[in-house]
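Peer 1: The listed protein sequences correspond, in order, to chains F and S. Heads up: the first sequence at position 143 corresponds to 556 in our numbering, and the numbers run straight through without jumps. Heads up: the second sequence at position 330 corresponds to 331 in our numbering, and the numbers run straight through without jumps.
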Amino acid sequence: MTVEGEYLGMNIRISDLDQENQEFFGHCANHQLHLQKCDHCQLLRYPPTTACPWCASPDASWAAVEGKGTLHSYGEVHQAIQPAFREHAPYMLVLVDLDIQNGQPTEHEALRITGNLATPEGDLAPPELVEQVGIGSRLRIVFKDAGDCVSIPLWTLDETAEQPETPWRYPEST
Amino acid sequence: MADDIDGTTSKHLRGKYAIAGVGETEFMRGSGCTTRTLGTRAVRAAMEDAGLEPGDVDGMLSYSNNDSTPSTVIAGDLGIRPNFYMDVYGGGSSTEALIGIAIGVIEAGMCKTVAIFRAMNGYSQVRIGGTGGAGGRAPLSSGGLFGRAYGLMSAGQMFSQSFMRHMYDYGTTPEQIAMVKVIHSEHASNNPKAYYKKRVTVDDVLNSRMIVKPLHLLDCCVETDNGNCIIVTSADRARDCRHRPALIQSVVGRCSKPRTDMHYQHGPISTTAGYYGKDILWPNAGVGPEDIDVTGSYDAFTFTTMLQLEDYGFCKKGEGGDYVSNGTMRLGGKRPNNTSGGHLCEGYTHGLNMVIENVRQLRGHIDDSCPIGADGRRQHTYDYSEGGCRQVKDPELTANLGWAGPQTGSAMVMAKG
C-alpha cells in the first residue's frame, strides 16, 4: 500500500514498490532510527539502498541504531527556494556523523545523515538556536510525524551531552 | 603516434583528435526565442568558424536537464544528416565527457565529425537555482525525503556542507574565496560577450546578500540564456579547417567518488572527484599541472574553482585558498583561470563556454577589444587593464576541469595544434 503523508505542506508518497524506504520511514513513524545492516559484511548503511555499498550483497536486516552524533558540516539557508521553508529562513542544513560506525570501514567514512536543525519538538529551529550550533555540536535525533506510517527525522541539540565550548561556525565579518 | 607512447593504452589517442570549430550565441537574459533557435544558431556558428558545411558534420551530441531541444531537431533545421547522435541527461561535467564520447564514436568508425551543443534558456525558462520546474512540486518520495524534505534542493544548498567543511578543515577564509569572483570579473571586463562586465571587489562579494552560508549572491554564477557548440574531429581533418586546431591530449568523463548515491557518506567531503580524475588526466596527457598555461576550472560557485584546482594538483590540498587569491589565476599571472569570466560573469552553459575560451586561447585568437590588423587577426596588446586584452601570451597547454558536484567531475587537456 502506498504510504502517504504531508510535511510542511509538501505531499509525501512512498510507493509500495519502494520497500526499503517504506521500511525506513515506518520505523521513523515509531520514532526509532533503524538502518539496514548487511547480512554478509555486517556494515550498517544510510540512506536505504538495494544492496551493500561495500560487498554488493542484496541481503540485509533492519537494525535499531542510537540516533546520536556530531555535526560534521552544515549549510545555513538564508534565501529559501521552496515556499514551505520561506518562513523558517535562516534554517540549518545539517550533516550528522552517527556515533556508531564512525570512521568505518575506512577512516573518512561515516553514517552521515542529512536533515535540519530542529527544536526538541521537531519544529525547524529558530535563528537563535541555529546560532548556537556548529561543527562539533552534539546532536540527537527527533521525529516529526507526517502521516500514519511516516515521520521525518530531524536533529536537535543533545541536552544530556557535553557540548564543545565553541562549535565551529562560519566566520562572521566584523 | 609519437614513439614514446604505448599503443596498447589510451595514451595512443593523445593529439589524434581536435576541436576544429567553436561557436555561441549572445549570453542573454530574455532570449526571446526557443532553445531550438539557440541550438541552431550555435551549431551554425561553430560550423562557420571551422569552415565546414552541414554535409561535413555527421555526428551530434548534446546534454541537458530536459531543458533543451534534441539533436535530431537541430540537425534537421541545419540540413545535417547524422550517422550518429545522442542526447545525454546532465549538466556540469558533461562537456568533457561528451568530447570523450565523440572521440570514441569517431575512433569506432561510426561517424567522422561531431557537433556537441548545449542550448538553454537558463534564465527565462528553466532556472538552475531550482526555483521553478515540476521537481519542486512533485510529492516527496525516496530521494526527495532525504533532500527536498529538508529544503536541500538547489546546487548551492547541496554543496554548502562540502564548502563549509573545507573552511573548517583548512582555515580557508571568505576573503580568499571571494577573490575567485574578483579575478573572474576582471577577466570578464575584457570580454565584450560577458553578461556581467563590471569589476567587483572582495567587499562587494562579502557584502552581497547571503544565499546559503557560506555562499553570498556573488559567490554564485549568473543565470543566462544561450547556445554553445564545439566541433570535434580528427586532428588531420581539423588541419584543413579555418583555424589552428586545439589538440585533445586527454579527457576524463564523469569520474566519480565512491557512493554516488549520496556522496557525503565517503569523505573527506571537501575532496572532489578530481582526486580520482587526476590519475587519468595527467598520465594520459603526458604532462602535469605545472605544465599548464591556462585553466578553466568550473565556477558554478567560487568554491568549485578552488576545490578542483586543489584536487587536480595545481596546489596542495588545503592550500586552494592561497592559490585562488595570490594572483596566480589572474590574467598576467602564472596560470590564468577562466579568462572569459566563466560562469560567474560571462554566462552559464554548464561548462561548454569554458572549453570554447581555451580553444580560442590556444589559437591565439581571443575575441577581446584589441584592434584587428591588416591580416585580419587581432593585434593583442597583453595590457590586461579594464576593457583591454585578455589573450594569454603564447599558451601551449590548457586544462578544463568540469564539475557536476563534489562527487563527479570531468576534465580535459588541450594543446596548441
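For each residue, glycine too, the CB sits at the ideal point set by N, CA and C. Everything numeric in this text was worked out from a predicted model, so none of it was measured.
(1) Spatial neighbours of Ile184/S within its chain, please: C-beta separation below 6 Å, excluding the five flanking residues on both sides.
(2) Three or more C-beta pairs closer than 8 Å, one from the stretch 75 to 90 of chain S and one from the stretch 26 to 45 of chain S: is that the case here?
(3) By how many angstroms is the C-alpha of Asn285/S removed from the C-alpha of Pro528/F?
(4) I need the straight-line Cα distance from Met414/F to Val414/S, nearest angstrom please.
(5) Chain S beta carbons: is any one of them nearer than 8 Å to that of Phe498/F?
(6) Between which residues of its own chain and Glu311/S is the CB-CB distance below 6 Å, once the five residues before and five after are set aside?
(7) Taking the beta carbon of Ala135/S as the centre, do at least 16 other beta carbons fall within 10 Å, making it buried, or is it exposed?
(8) Answer yes or no: do Ser444/S and Ser271/S have a C-beta to C-beta separation smaller than 8 Å?
(9) Buried or exposed: where does Arg364/S fall if 16 or more other Cβ atoms within 10 Å of its Cβ makes it buried?
(10) Near Leu146/S, what residues of its chain come up, given a Cβ to Cβ distance below 8 Å and the 5 sequence neighbours on each side ignored?
(11) Going along chain S in order, which residues have a C-beta closer than 8 Å to the C-beta of Trp475/F?
(12) Kindly list the residues whose CB is nearer than 7 Å to the CB of Val431/S, restricted to its own chain and excluding five residues on each side of it in sequence; keep chain order.
(13) Who are the neighbours of Ile212/S on chain F, taking C-beta pairs under 7 Å?
(14) Whose C-beta lies closer than 8 Å to the C-beta of Pro584/F among residues of the same chain, with five residues either side of it excluded?
(15) If you follow the beta strand (DSSP E) that Gly22/S is part of, which residue opens it and which one closes it?
(16) Would you kindly check if the distance between the Cβ of Asp292/S and the Cβ of Pro396/S is under 8 Å?
(17) Beta carbons nearer than 8 Å to chain F: which residues of the stretch 174 to 186 of chain S have them?
(18) Return helix, strand or coil for Gln266/S, following the three-state DSSP convention.
(19) In whole angstroms, what separates the C-alpha of Gly333/S from that of Tyr313/S?
(20) Suppose the cutoff is 7 Å on Cβ atoms and the five residues either side in sequence are ignored; what does the same chain contact list for Met505/F look like?
(21) Using 10 angstroms around the beta-carbon of Ile373/S, count the other beta-carbons present and answer buried if the total reaches 16, otherwise exposed.
(22) Are the CB atoms of Asn66/S and Gly93/S nearer to each other than 8 Å?
(23) Looking at the strands, I want to know which residues DSSP matches up with Gly406/S.
(24) Quick check on this structure: which residue in Ala189/S, Gly348/S, Ala416/S and Pro55/S has the alpha carbon closest to the alpha carbon of Cys390/S?
(25) Determine, using beta carbons only, whether Thr587/F comes closer than 8 Å to chain S.
(26) Using a Cβ-Cβ cutoff of 9 Å, what residues of the stretch 260 to 273 of chain S are near chain F? List them in chain order.
(27) Report yes if the C-beta distance between Met111/S and Pro83/S is below 8 Å; otherwise report no.
(28) From Glu97/S, Cys371/S and His381/S, pick the residue whose C-alpha is nearest to that of Ala412/S; which is it?
(29) Take the Cβ of Pro175/S as the centre, count every other Cβ of all protein chains shown within 10 Å, and call the residue buried at 16 or more, exposed below.
(30) Given a cut-off of 8 Å on the beta-carbon distance, is the pair Arg553/F and Thr569/F in contact?
(31) Kindly indicate which residue of Leu219/S, Arg166/S and His167/S has the alpha-carbon position closest to the one of Lys182/S.
(32) Assuming Tyr604/F is part of the beta strand (DSSP E), what are its boundary residues?
(33) Does Ser370/S pass the burial test, meaning 16 or more other C-beta atoms within 10 Å, or should it be called exposed?
(34) Counting pairs of Cβ atoms below 8 Å between the stretch 225 to 234 of chain S and the stretch 18 to 35 of chain S, do you hit three or more?
(35) Give the residues from the stretch 551 to 563 of chain F that approach chain S closer than 9 Å (Cβ to any Cβ), ordered along the chain.
(36) Can you round the beta-carbon distance between His491/F and Val213/S to whole angstroms, since I take them to be within the 8 Å contact cut?
Peer 2: From the atom records:
(1) Closer than 6 Å at the Cβ level, and outside the excluded window around Ile184/S, lie Met330 and Arg331.
(2) Touching, yes, given that three or more Cβ pairs across the two stretches are closer than 8 Å.
(3) With the sequence shown as reference, residue 528/F is identified as Gly, and Pro is not the correct amino acid for it. The straight-line gap separating the alpha-carbon atoms of Gly528/F and Asn285/S is approximately 41 Å.
(4) So the alpha carbons of these two residues sit roughly 52 Å apart.
(5) It does; some Cβ of chain S falls within 8 Å.
(6) Answer for Glu311/S: Lys318 and Gly321, listed in chain order.
(7) In this predicted model, Ala135/S has a pLDDT of only 49, less than 50, meaning its place in the structure is not dependable; the value taken from the coordinates is given anyway. Of the other Cβ atoms in all chains shown, fewer than 16 fall within 10 Å of the Cβ of Ala135/S; this residue is therefore exposed.
(8) Any question about residue 444/S goes unanswered here, given that chain S covers just 2 to 418.
(9) Buried, by the Cβ-count rule.
(10) Non-local beta-carbon contacts of Leu146/S in its own chain, meaning distances under 8 Å to residues more than five positions away in sequence, are absent.
(11) Per Cβ cutoff of 8 Å: no residues; Trp475/F is ~17 Å from chain S at best.
(12) Limits of chain S in this structure are 2 at one end and 418 at the other, which puts residue 431/S out of reach.
(13) Within chain F, the residues near Ile212/S are His491 and Gln492.
(14) Apart from the 5 residues on each side of it in sequence, Pro584/F has no Cβ closer than 8 Å to any other Cβ in its chain.
(15) For Gly22/S, the enclosing beta strand (DSSP E) covers residues Tyr18 to Glu25.
(16) The Cβ atoms of Pro396/S and Asp292/S lie no closer than 8 Å to each other.
(17) Cβ contacts with chain F: Thr174 and Pro175.
(18) The answer is helix: DSSP assigns Gln266/S an H, G or I state.
(19) Cα-Cα distance, rounded: 22 Å.
(20) Closer than 7 Å at the Cβ level, and outside the excluded window around Met505/F, lie Tyr487, Glu489, Asn529, Leu530, Ala538, Val543 and Val546.
(21) By the neighbour-count criterion, in which 16 or more other beta carbons inside 10 Å mark a residue as buried, Ile373/S falls on the exposed side.
(22) Contact: no.
(23) When DSSP reads this structure, Gly406/S sits in a beta bridge with Thr409/S.
(24) Cys390/S has its Cα closest to that of Ala189/S, out of Ala189/S, Gly348/S, Ala416/S and Pro55/S.
(25) Here Thr587/F scores only 48 on pLDDT, less than 50, and its place in the model should not be relied on; the value that follows carries that caveat. Output row for Thr587/F: interface = no.
(26) For the stretch 260 to 273 of chain S, residues whose beta-carbon sits nearer than 9 Å to a beta-carbon of chain F comprise Arg260, Asp262, Met263, Tyr265, Gln266, His267, Gly268, Pro269, Ile270, Ser271 and Thr272.
(27) Not in contact: Met111/S and Pro83/S (Cβ atoms no closer than 8 Å).
(28) It is Glu97/S.
(29) Its Cβ being crowded by 16 or more others within 10 Å, Pro175/S is buried.
(30) Yes, these two residues count as a Cβ contact at 8 Å.
(31) The option with the nearest alpha carbon to Lys182/S is Leu219/S.
(32) Beyond the ends of chain F as shown, which are 414 and 587, falls residue 604/F; an answer cannot be given.
(33) Burial call: exposed.
(34) Taking 8 Å as the limit for Cβ pairs, the verdict is that the stretch 18 to 35 of chain S does touch the stretch 225 to 234 of chain S.
(35) For chain S, the residues of the stretch 551 to 563 of chain F that bring a beta carbon within less than 9 Å of one of its beta carbons are Ala559 and Val563, in chain order.
(36) That pair is a contact at about 7 Å.
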